[in-house]
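K.L.:
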Amino acid sequence: MSKPGVKTSHAGTPFVWIVKRDSVSRKQAYLVRAAAILGALMLGAALFLAMGHNPIMIYRDMLTGSLGRTLARTETVRIAIPLLVTALGIGLAFKMRFWNIGAEGQIIMGATAASYFALFSGVPGPYLLFVMFFAAIAAGGLWGLIPAVFKSKWNTNETLFTLMLNYIALEFVRYLQFGPWRDPRLRGFPSIAMFDQAARLPRVFGVHIGWIFALILVAIVYIYMKKTRHGYEITVVGESIPTARYAGINVGRVFLRTMFLSGAICGLTGFLIVSGANFTLSEMVTGGVGFTAITVAWLSRLNPAVMIIFSLFIAMLQRGANAVQTTFRIPSSAADILIGFILFFILGCEFFLNYKLVFRKKVK
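Numbered by the numbering used here, the letters in the sequence shown go through residues 81 to 444 in order.
#1: Locate the beta strand (DSSP E) running through Phe359, then write down its first and last residues.
#2: How many Å lie between Leu379 and Phe390 at the Cα?
#3: Between Val369 and Thr360, which are expected to be in contact by the criterion C-beta below 8 Å, what is the C-beta distance as a whole number of angstroms?
#4: Quick check on Leu163: buried or exposed, where buried means 16 or more other Cβ atoms within 10 Å of its Cβ?
#5: When DSSP labels each residue in this structure, what does Ile98 get in the three-state scheme?
#6: Note down, in chain order, each residue of its chain lying with its Cβ closer than 6 Å to the Cβ of Phe432, except the 5 sequence neighbours on either side.
#7: According to DSSP, which residues form a beta bridge with Leu437?
#8: Curious, which full-length beta strand (DSSP E) runs of at least 3 residues does the stretch 88-174 contain?
#9: On the criterion of 16 or more Cβ atoms from any shown chain inside 10 Å, does Glu251 qualify as buried, or is it exposed?
#10: Quick check for students: name the residue ranges of the alpha helix (DSSP H) that lie wholly in the stretch 167-229, counting only runs of 4 or more.
#11: Tell me which residue opens and which closes the alpha helix (DSSP H) that Ile329 is part of.
#12: Less than 8 Å separating the beta-carbons of Trp351 and Ala194?
#13: Would you list the residues sitting across from Val317 in a DSSP beta bridge?
#14: With 16 as the cutoff for other CB atoms within 10 Å, does Thr323 come out buried or exposed?
#15: Could you pull out every residue in the same chain whose Cβ sits closer than 6 Å to the Cβ of Thr236, ignoring the five residues on either side in sequence?
#16: List the whole-angstrom C-beta distance separating Glu313 from Val334, where the pair is believed to meet the contact cut-off of C-beta under 8 Å.
#17: By how many angstroms is the C-alpha of Tyr196 removed from the C-alpha of Val317?
#18: From the DSSP output, in three-state form, read off Arg283 for me.
#19: Report the three-state DSSP secondary structure of Ile345 (helix, strand or coil).
#20: State the DSSP-derived secondary structure class of Met81, mapped to helix, strand or coil.
#21: Taking Glu155 as the reference, give the member of Val386, Ile321, Asn358 with the closest Cα.
#22: Quick one: Cα of Gly185 to Cα of Leu341, how far?
#23: Tell whether a beta-carbon distance below 8 Å holds between Tyr302 and Ala385.
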């Protein structure tokens, strides 16, 4: 202890450090999140003012462009479907702290497997969609199983492993697009043939039935994580691997099983994209869904039900940004910057809900 009137030295003491909060009330959490969104909108408004546009008009058109008309609403839901399904798959892996950054590759492999049966299998029409469905989840699951095998056997870094597998899957699709699967009937840029009607998902309320699959999957994943032994094992492994081993849980088996499920769900996303939206396979099949879904999973705190909200929210941003690009002739980069502002502020506020900054007191 320092004596009264004697200055205390702060040598070696950091100016600021991070301390975990004990708790935050629900009201405070809502206020912080609202302030984050408002701050992002104000920063975006400054950007649009600098470009010579009225930010209020832009935000109004973003809202009407994503929700104002029936066509806009159906397009927003269509964008949200793959985000939601992929976030559910990623969430399973993240829950056990297996950092699956390979959703892009798993989506691609699922889409590729489904496309093969759509284009070359000759499966009768009534059964084709079922075959494509199971082929996609099997291919995605097996692709997700690869890093899990290496992690369980040799403790490899799953973040780098899954990330590198994305590029392997992408180059494989490029090889197919420029090589054996290239449609000889088309001239110009190489592309793969469009699917026949039998390989396309039917529509309900103007959107392909993938939205029904997604909502059913939300319930299944929630029950699996909260009500089953497998879900309990995933949670324990995520909290502490030594504790899981002490409790008699086979950690390697949990890695393998969960990553197969994670990859299978992402593979399902590939099926929904090629059969419900694109009707063909290309190197742009994912559109960055695998990476954007990571944001959805984190913002939702791995809660399947909350993922519905954030999937729709990000879909609204993307659809609204596309609308104002046409109306105000704003470059796509500016719309992407606005989306980046909003996501950055929201993710940043989650940090301050869990931690606080403590500054060093001045010496008297």
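In this text, a Cβ means the ideal position worked out from N, Cα and C, and glycines have one as well.
P.N.:
According to the structure data:
#1: It is not in any beta strand (DSSP E) - Phe359 carries neither H nor E in the DSSP assignment.
#2: 7 Å
#3: At roughly 16 Å, the Cβ-Cβ gap does not stay under 8 Å, so Val369 and Thr360 are not in contact.
#4: buried
#5: strand
#6: none
#7: Ile98
#8: 96-100
#9: exposed
#10: 183-200
#11: Careful: Ile329 lies outside any alpha helix (DSSP H) and carries neither H nor E.
#12: First, the residue type needs correcting, since residue 351 is Phe and not Trp in the sequence shown. In this structure, Ala194 lies closer than 8 Å to Phe351 by Cβ.
#13: DSSP, once it has assigned bridges, lists no residue as partnering Val317.
#14: exposed
#15: Phe230
#16: 5 Å
#17: 37 Å
#18: strand
#19: helix
#20: Low confidence applies to Met81: its pLDDT is 45, below 50, so where it sits in the model is not reliable, and the reading given next is rough at best. Looking at Met81 - three-state DSSP - the assignment turns out to be coil, as it is neither helix nor strand.
#21: Asn358
#22: 14 Å
#23: yes
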